[in-house]
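Below is one structure, written out as structure tokens, with a few remarks after it.
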Amino acid sequence: MTIQTVGIIGAGTMGNGIAQACAVSGINVVMVDISDAAVQKGVATVAGSLDRLIKKEKITAADKDAALARIKTSTSYDDLKAAQIVIEAATENYELKLKILKQVDALVAPEVIIASNTSSISITKLAAATSRADKFIGMHFFNPVPMMALVEIIRGLQTSDATHDAVKALSERLGKSPITVKNAPGFVVNRILVPMINEAFFVLAEGLATPEDIDAGMKLGCNQPIGPLALADMIGLDVCLAVMDVYLTEFGDSKYRPCPLLKEMVAAGRLGRKTGRGVYQY
Numbered sequence: 001m002t003i004q005t006v007g008i009i010g011a012g013t014m015g016n017g018i019a020q021a022c023a024v025s026g027i028n029v030v031m032v033d034i035s036d037a038a039v040q041k042g043v044a045t046v047a048g049s050l051d052r053l054i055k056k057e058k059i060t061a062a063d064k065d066a067a068l069a070r071i072k073t074s075t076s077y078d079d080l081k082a083a084q085i086v087i088e089a090a091t092e093n094y095e096l097k098l099k100i101l102k103q104v105d106a107l108v109a110p111e112v113i114i115a116s117n118t119s120s121i122s123i124t125k126l127a128a129a130t131s132r133a134d135k136f137i138g139m140h141f142f143n144p145v146p147m148m149a150l151v152e153i154i155r156g157l158q159t160s161d162a163t164h165d166a167v168k169a170l171s172e173r174l175g176k177s178p179i180t181v182k183n184a185p186g187f188v189v190n191r192i193l194v195p196m197i198n199e200a201f202f203v204l205a206e207g208l209a210t211p212e213d214i215d216a217g218m219k220l221g222c223n224q225p226i227g228p229l230a231l232a233d234m235i236g237l238d239v240c241l242a243v244m245d246v247y248l249t250e251f252g253d254s255k256y257r258p259c260p261l262l263k264e265m266v267a268a269g270r271l272g273r274k275t276g277r278g279v280y281q282y
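Note that full-length UniProt numbering has the sequence shown beginning at 1, numbered continuously upward.
Quick look at the structure:
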């Protein structure tokens with residue numbers, strides 16, 4: 001199956017980023033959200049991102065116009081019928097995703113692939129709620145989507161080889177470097193990343209070094225572009241804590257115990273950049 005049109009549910013940060021990646025690669029997009037204001041904001045974000053690429057001489061003004069012309073916006077799921085794959089990029093909430101996926105499943109043709117951009121919810125569990133479990137898959141893009149090369153392709157227990165191969169080919173058409181992973185909490189990247197962040201909080205709590213020196217050590221010693229504590233502030237300390245709680249529950253292994261300092265900072269409302277204060281002051 002040749003994918004000519006991609007349906008995207010959600011015009012927020014991830015949705016509009018996926019839309020941009022598709023449109024720049026010559027693929028038509030139908031981007032759906034609950035209101036005209038939401039989809040127009042998504043398109044405006046894409047336009048601003050493309051303007052920055054023009055300034056960097058990565059694309060031309062004509063390229064920008066062509067990309068924007070490929071993005072159709074809508075507030076109706078009916079318009080997703082034109083797509084060969086629908087990517088759900090709604091808020092990371094199981095009940096919300098389930099509601100959306102059931103609606104889409106009932107609407108689009110049986111051969112259409114449905115993918116979720118979830119970063120933590122079980123693909124096997126979501127697939128089981130649809131009538132096409134073999135055509136359901138995870139496509140975990142990373143933020144900012146236009147810049148980040150990685151896509152985690154997550155196979156549920158029921159995902160067919162044909163579905164996996166079609167999604168892998170699509171990812172490569174978008175200029176991404178996909179990796180294939182089995183369904184498990186956190187998949188691969190977050191399974192490694194968030195416990196590392198949690199361990200950085202243990203190091204901080206034990207007074208082994210200042211936040212600045214912990215981050216500098218990981219940047220200089222491990223060639224990371226940003227230190228784990230600064231990254232936690234960017235992600236949101238509440239999000240990091242929630243992920244660790246999920247790992248502890250799902251795996252039942254004490255190595256996923258959230259650091260008490262992380263819990264204390266979340267309780268204090270020091271969630272990072274979004275609240276103006278986390279490990280660092282903003």
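Quick reminder that beta carbons are idealized off the backbone N, C-alpha and C, glycines included.
Taken through DSSP and simplified to helix, strand or coil, V39 comes out as helix. When the Cα atoms are used, G175 and V246 turn out to be separated by approximately 32 Å.
If you look at P260, you'll find it in the alpha helix (DSSP H) that goes 260–267.
Annotation: E57 to L248 spans about 47 Å, alpha carbon to alpha carbon. V86 and Y94 have their alpha carbons spaced roughly 17 Å apart. Counting C-beta pairs closer than 8 Å gives fewer than three between the segment 162–176 and the segment 94–111, which falls short of the contact rule. A residue is called buried once 16 or more other Cβ atoms fall within 10 Å of its Cβ, and A44, having fewer, is exposed. Close CB contacts of T5 within its chain, under the 8 Å cut and outside five residues either way in sequence, are with I27, N28, V29, V30, A82, A83, Q84 (chain order). Under DSSP, the beta-bridge partners assigned to K72 are V30. M148 and E206 have their C-alpha atoms some 34 Å from each other.
For P260, the CB contacts under 8 Å within the same chain, skipping 5 residues up- and downstream, are A205 in chain order. In this chain, the beta strand (DSSP E) harbouring A115 covers 113–116. The Cβ atoms of T130 and D161 lie no closer than 7 Å to each other. Secondary-structure assignment with DSSP links Q224 through no beta bridge to anything. The residues A11, M31, V32, D33, T73, S74, T75, in chain order, have a CB closer than 8 Å to that of V39 in the same chain once the five nearest residues on each side in sequence are set aside. Looking only at N223, I18, A268, the smallest Cα-Cα distance to D238 is reached by A268. Note on geometry: alpha-carbon atoms of R132 and D215 lie some 45 Å from one another.
For G15, the enclosing alpha helix (DSSP H) covers residues 13–24. Annotation: the continuous alpha helix (DSSP H) that includes I100 extends over 94–107. Less than 7 Å divides the Cβ of I137 from the Cβ of T163. Rounded to the nearest angstrom, the gap between the Cα atoms of E199 and K182 is 25 Å. The Cβ-Cβ distance between L241 and P258 falls below 7 Å. Under DSSP, the beta-bridge partners assigned to F141 are V151. Short of 6 Å from the beta carbon of V24, and not among the five residues preceding or following it, lie these beta carbons of its own chain, in chain order: A67.
A straight line joining the alpha-carbon of R155 with that of Y280 spans about 38 Å.
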